[in-house]
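Line by line, the protein sequences are chains A and B.
For what it's worth, my numbering labels the leading residue of the first sequence as 457, then goes sequentially.
For what it's worth, my numbering labels the leading residue of the second sequence as 1065, then goes sequentially.
Every residue gets a Cβ at the ideal spot worked out from N, C-alpha and C, and that includes glycine.
This one's a predicted model, so the numbers in the text were calculated from it and none came from an experiment.
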Amino acid sequence: MTDSSAPTGTPVVEMRDISVEFPGVKALSGVDFRLLPGEVHALMGENGAGKSTLIKALTGVHPPTTGVIHLHGEPIAFDAPGQAQDAGISTVYQEVNLLPNLSVAENILLGREPRRLGHIDGRAMRARAKELLTRVGLSIDPGSLLGSHPIAVQQLVAIARALVVDARVLVLDEPTSSLDADEVAELFRIVRVLRDDGVAILFVSHFLDQVYEIADRMTVLRNGSLVGEYLPSEMNHIELVAAMLGRELGVLEEVQRRSEARAPGTAPLLTAVALGRTGAIAPVDLEIHAGEVVGLAGLLGSGRTELARMLFGADRAHTGTLTFDGREHRPRGPRAMIAQGVAFCSEDRKAEGVVADLSIRDNLVLALQAARGWARPIPRRTSDALVREYIEKLDIRPADPDAIMSTLSGGNQQKVLLARWLVTKPRLLILDEPTRGIDIGAKAHIQKVVADLAGEGMAVLFISAELEEVVRVSDRVVVLRDRHKVAELTGQDVSVDKIMSVIAAPSDNHTAAVAS
Amino acid sequence: MTRGRLLWPLVALGALIVLNIAVEPSFVELRIQDGHLFGSMVDILRNGAPTLLIAVGMTLVIATRGIDLSVGAVAAIAGAIACTYISGGGNAATAVLLALSVCVLLGLWNGFLVSVLGIQPIIATLVLMTAGRGGAMLLTEGQIVTVKDPLYRQIGSGFLVLPIAILISLAVLTAVALITRRTALGMLIEAVGINPKAGELAGVRSRTIIWTVYVFAGLCAGVAGLMISSNVNAADANNAGLWIEMDAILAVVIGGTSLAGGRYSLAGTMLGALVIQTLTTTVYTIGVPTNVTLIFKAVVVIAVCLLQSPRTTRMLRARRKTAVPTSRSQEVAAG
């Protein structure tokens, strides 16, 4: 443990020897953590390292089994998240935990509505919400339904909600995983303002660059234990990753050394000609060959997901033609394209992928079973073998086929969803943000799997907001801007700089893409 | 986990039976007369058959995140059609077929509103809940239509050692359990109930599945309606199957299936239906005054539901934990 820098001021939060146990699992053992006023403190670790558990111990969601927490020097014990909030600890969780069927203003002020004569004062509420929205740089109508906004906007609303109380401690659990570069910059601007006001900010992110950009101090956890507390200046990227993984960086380099662009097969597997959908994506021409990874890059709201859903048949195309394996299709739903061998992993894991109360086994075989029809169940022996194979291949934890999906960490859920499609042996795999919000180890693993699959002849359409990742895995990159395809980059042009320059070309209107 | 959820309904059932025996020792007596089994407990089975059957259909509907409020009205329609047809001189077999065909159509209607038009199930089925009873009244012209048909009588009051009605209900329950659990249907129904969007994107035919469970619920309600009317040799459009949808929903909930959809338990539903029917019988056995009958019933139901709630489970577990520290991990492993 390196602690060369003398901390300034007394800690706002000091957690000592914290252990949290769940039935059969020790999620945290003897972790020390402190948070100083006016600092951004990054909490780093792989999925399952105990970051979320530590946060939940602090915010009263899962009180620690042993250990003590001091807030402003006083020992505290919260039994419920509300108490932590009253004490000035606000949290914004990784997955947006708001109510899509209420208005933005109601979400921000839920439980703290301004009242007049015992009734909720609607006007005051909207005014207060407006003010908080301005603080997070949003200019949306507070009266609009939350669900009508893109996830990125919802995330900022969640942050606005955290600012309602006069928070002395602000916990941001992966606040940037749904945001694009501009929004991240805006968020960081707000974070810095709050920090300069003396708020202690606990920041969790899987984006290392962001951590180095914003964090004043870092604490690294691994497997539920403390690795150490560091200053960003003491530790470079590689050392940090090594501390998080506890192993050498073979996996990362392996993906980076991926072979040069594979020669595409003669006839394209999928051809879209002027395929478009009113209000979602302007007509696009696109070819994808077997054995090729095509990256789809663009800002949030540029039409990446819309294009993917249209190719999969989840949304119907209004114009153009779609040819798959030499035959024209007018898909009326996902089933038609699944039958052709197309698979689609949605970006919204929680809402469109995970079946929370079912087991890993049921989640994993869901697409295969749906394709076979209900009357032909997959024999237990086959499903056992499949599930075991993929648990091992993708390193899914826990390695228990009957573990309930909702108990898995985000990265492991994502691996199960990936496996759900891999068992159908697809010919075209569409991955929409497959590595969002998951740790660097799982991320490298998924990238490597993608490269291997393409090597075996599968076509992959890879969507990611992280340009480095797109560049690393893709043979060819299609760039979208404002719901139009604006470029297709091959060979030497597949680079972060080139993609950025294409995206940013007419810089006057690219922000419009965000307000979808 | 299932075992844990079924504990309290079992305790409730046991307690009710003990209470009945205490008040009326002959409660447990069974005698065989003309090859038929007679006794209070057999009566419970026979009278509970329609509720059980409807609850089986309701279980699948609830598993898909839905609800079917129209089952009572559909039951009344089935009875009205069969009795009107028989009293007009038709034969019983045709009457049954006719009544059940109409019930399938009504199920198709409910399923269409929910799965195709996307109307919320509680509203979609409320339509038929109100209109259906009106339709039954039209059919019977507001009269109680009585019939004297020995064959029709068998459905509700016939015996093959046990009452035919309960044999039908148990046969349907067993068939549904086998069909949904031996095939992948049960898992697909649960997937649709837990996360319809994810199911749809994985290629599950959510619409067909949802439509089918409403048709099946309509069919179950139809058979139950025939049992009810056959048992009294009459179709009473006003009272046949009145509030039976509530009993069925209660049976499902007591059986541990969540109204939020997803995981369902048919064994739980059977237990729930038995609790409800035994409770109804107990009210008469122990002589609860008529004016507090409903309140007595409500108290028992709320007690069972409270005992099953996660919060109570946690509290009880916390107490037990000090004595047996491993109980928690075992239950998780079992779940």
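When DSSP labels each residue in this structure, what does residue i get in the three-state scheme?
i        : result
R765(A)  : helix
D1213(B) : coil
T675(A)  : strand
Y1328(B) : coil
R817(A)  : helix
G523(A)  : strand
A753(A)  : strand
F663(A)  : coil
A1076(B) : helix
D851(A)  : coil
D804(A)  : coil
E630(A)  : coil
I860(A)  : strand
M1122(B) : helix
G680(A)  : coil
D473(A)  : strand
T466(A)  : coil
R648(A)  : helix
V1364(B) : helix
E1093(B) : coil
Whole angstroms are fine: how far does the CA of residue j sit from the CA of residue i?
i        : j        : result
L1071(B) : R1378(B) : 15 Å
K586(A)  : A561(A)  : 8 Å
Q870(A)  : E803(A)  : 10 Å
L1083(B) : V1092(B) : 11 Å
S1179(B) : P688(A)  : 55 Å
V1347(B) : P1073(B) : 18 Å
M700(A)  : W877(A)  : 29 Å
T775(A)  : G769(A)  : 13 Å
N1297(B) : A823(A)  : 50 Å
I816(A)  : I1292(B) : 44 Å
A1163(B) : A1146(B) : 6 Å
V926(A)  : E762(A)  : 18 Å
N557(A)  : I1131(B) : 21 Å
S1221(B) : I1274(B) : 33 Å
V1406(B) : V1168(B) : The requested residue 1406(B) does not occur in the structure, where chain B is confined to residues 1065 to 1399.
I1081(B) : L1133(B) : 30 Å
V1120(B) : L1109(B) : 15 Å
L682(A)  : R760(A)  : 39 Å
T1344(B) : V1363(B) : 13 Å
F663(A)  : L755(A)  : 17 Å
G544(A)  : R490(A)  : 16 Å
P724(A)  : A773(A)  : 20 Å
How would you list, in chain order, the residues of chain B whose beta-carbon sits under 7 Å from the beta-carbon of residue i?
i       : result
S802(A) : L1265
I794(A) : G1267
A807(A) : K1261
A841(A) : The contacting residues do not exist; A841(A) stays about 17 Å from chain B at best.
Q870(A) : None at all; the shortest Cβ gap to chain B is about 13 Å.
State the beta-bridge partners of residue i as determined by DSSP.
i        : result
M956(A)  : For M956(A), which the question treats as bridged, DSSP gives no partner whatsoever.
V918(A)  : Looking at the sequence provided, one finds Phe at residue 918(A) rather than Val. Answer by DSSP bridge pairing, in chain order: G751(A) and L887(A).
A1298(B) : T1210(B)
H940(A)  : R937(A)
T727(A)  : E743(A) and T779(A)
I737(A)  : R733(A)
L1226(B) : L1224(B)
If the cut is a Cβ gap below 7 Å, which residues of chain A does residue i touch?
i        : result
E1093(B) : Ordered by position in chain A, no residue passes the 7 Å Cβ test against E1093(B), which lies about 44 Å from the chain.
I1258(B) : V811, A812, D813 and L814
Which residues in chain B sit within 9 Å of residue i, going by Cβ to Cβ distance?
i       : result
P833(A) : R1246, T1247, A1248, L1249 and M1251
What residues of chain A sit near residue i, judged by a beta carbon separation below 9 Å?
i        : result
G1326(B) : V811, A812, D813 and L814
Under a CB-based cut-off of 8 Å, is residue i close to chain D?
i        : result
A1127(B) : The displayed structure is made up of protein chains A and B, and chain D is not among them.
Inter-stretch contact at 8 Å, needing at least 3 Cβ pairs: the stretch 489 to 502 of chain A / the stretch 676 to 689 of chain A: Yes, they touch.
Determine contact between the stretch 810 to 827 of chain A and the stretch 1255 to 1264 of chain B, defined as no fewer than three beta-carbon pairs at a distance below 8 Å. Result yes; three or more Cβ-Cβ pairs closer than 8 Å.
Closer than 8 Å is the cut-off here; do at least three beta carbon pairs connect the stretch 1180 to 1193 of chain B with the stretch 1320 to 1335 of chain B? Verdict: no, contact absent.
At a cut of 8 Å, does the stretch 1228 to 1245 of chain B reach the stretch 842 to 856 of chain A through at least three beta carbon pairs? Put simply, the stretch 1228 to 1245 of chain B does not touch the stretch 842 to 856 of chain A. Fewer than three CB pairs are less than 8 Å apart.
Can we say the stretch 1333 to 1340 of chain B touches the stretch 1308 to 1320 of chain B, given the rule of at least three CB pairs closer than 8 Å? Touching, yes, given that three or more Cβ pairs across the two stretches are closer than 8 Å.
Does the stretch 781 to 799 of chain A touch the stretch 1209 to 1220 of chain B, meaning 3 or more C-beta pairs lie closer than 8 Å? Counting Cβ pairs under 8 Å, fewer than three are found: no touch.
Are three or more beta carbon pairs between the stretch 1226 to 1235 of chain B and the stretch 772 to 790 of chain A nearer than 8 Å? With the rule of 3 Cβ pairs closer than 8 Å, the stretch 1226 to 1235 of chain B does not count as touching the stretch 772 to 790 of chain A.
So does the stretch 882 to 902 of chain A actually touch the stretch 918 to 932 of chain A, counting three or more Cβ pairs closer than 8 Å? In short, these stretches touch, since the Cβ pair count reaches three.
For the structure I just gave you, are there three or more beta carbon pairs, one from the stretch 576 to 594 of chain A and one from the stretch 511 to 522 of chain A, closer than 8 Å? Contact between the stretch 576 to 594 of chain A and the stretch 511 to 522 of chain A is absent, because fewer than three Cβ pairs lie under 8 Å.
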